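In this note's numbering, the protein residues as written are 436 to 594. One structure is given here, and the rest of the page talks about it.
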Amino acid sequence: MGENLYLCQYFFTFKLKTMKENTRYASYILAETLKEAGFPQPLPSVGQHWYGLSSDVYGCELRAVVKDEGILGVVDYLGNYHTAEHLKRWGIFAPSFDDLFSELQKQAKENTWWSLFFSRGEINEWQCRFHYKDAHETFYGDTPLMAAAKAYLNSVWVE
Numbered sequence: 436m437g438e439n440l441y442l443c444q445y446f447f448t449f450k451l452k453t454m455k456e457n458t459r460y461a462s463y464i465l466a467e468t469l470k471e472a473g474f475p476q477p478l479p480s481v482g483q484h485w486y487g488l489s490s491d492v493y494g495c496e497l498r499a500v501v502k503d504e505g506i507l508g509v510v511d512y513l514g515n516y517h518t519a520e521h522l523k524r525w526g527i528f529a530p531s532f533d534d535l536f537s538e539l540q541k542q543a544k545e546n547t548w549w550s551l552f553f554s555r556g557e558i559n560e561w562q563c564r565f566h567y568k569d570a571h572e573t574f575y576g577d578t579p580l581m582a583a584a585k586a587y588l589n590s591v592w593v594e
């Protein structure tokens with residue numbers, strides 16, 4: 436009995452850790468879709484995750500933002516240097532949940548707001564909900580990031 440409990444605890448700890456790592460930033464496909472939908476591509480900042488800087492589709496986390504002779508550039512976690520122009524032309528910003536939810540909040544008009552919660556029971560998913568007047572619109576996802584991304588990609592009706 437104790438051995439099964441240990442294995443179960445190990446599995447769930449591993450699953451939660453893996454889920455957290457895999458959902459910290461948008462995937463390449465999601466980041467590309469968000470960019471095409473008009474999601475802001477911010478100025479480079481340390482800790483951001485960008486795709487299109489290297490040849491792999493796993494993306495790079497920015498480790499430094501440097502300014503050399505007035506030219507802004509970035510250094511990724513592999514130590515590669517990229518100019519800001521390269522980042523602007525080829526880079527795809529991979530937003531985190533915080534980036535997405537913040538952008539949703541910016542879109543909210545007077546007497547409207549967004550909320551996020553986990554629903555247990557029949558649904559068992561994360562819900563990103565837009566509240567307006569006496570109604571709401573809900574977007575579901577298996578992670579907070581996916582729920583917020585679906586909300587952003589479908590928020591044209593908000594206006």
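Just so you know, even glycine gets a beta-carbon here, dropped at the ideal spot from N, CA and C. Bear in mind the structure is a predicted one, so any value in this text is a computation, not a measurement.
DSSP places GLN562 inside the beta strand (DSSP E), whose first and last residues are 560-567. Membership of PHE574 in any alpha helix (DSSP H) is not indicated; the residue belongs instead to the beta strand (DSSP E) covering 570-576. With the rule of 3 Cβ pairs closer than 8 Å, the segment 509-520 does not count as touching the segment 546-560.
Under the DSSP assignment, LEU551 falls in the beta strand (DSSP E) whose first and last residues are 547-554. In this model, ALA570 and ALA461 are separated by some 29 Å (Cα to Cα). Note: GLU496 is bridge-paired with HIS484 in the DSSP secondary-structure output. Rounded to whole angstroms, the separation of the alpha carbons of SER531 and LYS585 is 13 Å. Nearest C-alpha to ARG524 among GLU538, LYS568, GLU545, LYS470: LYS470.
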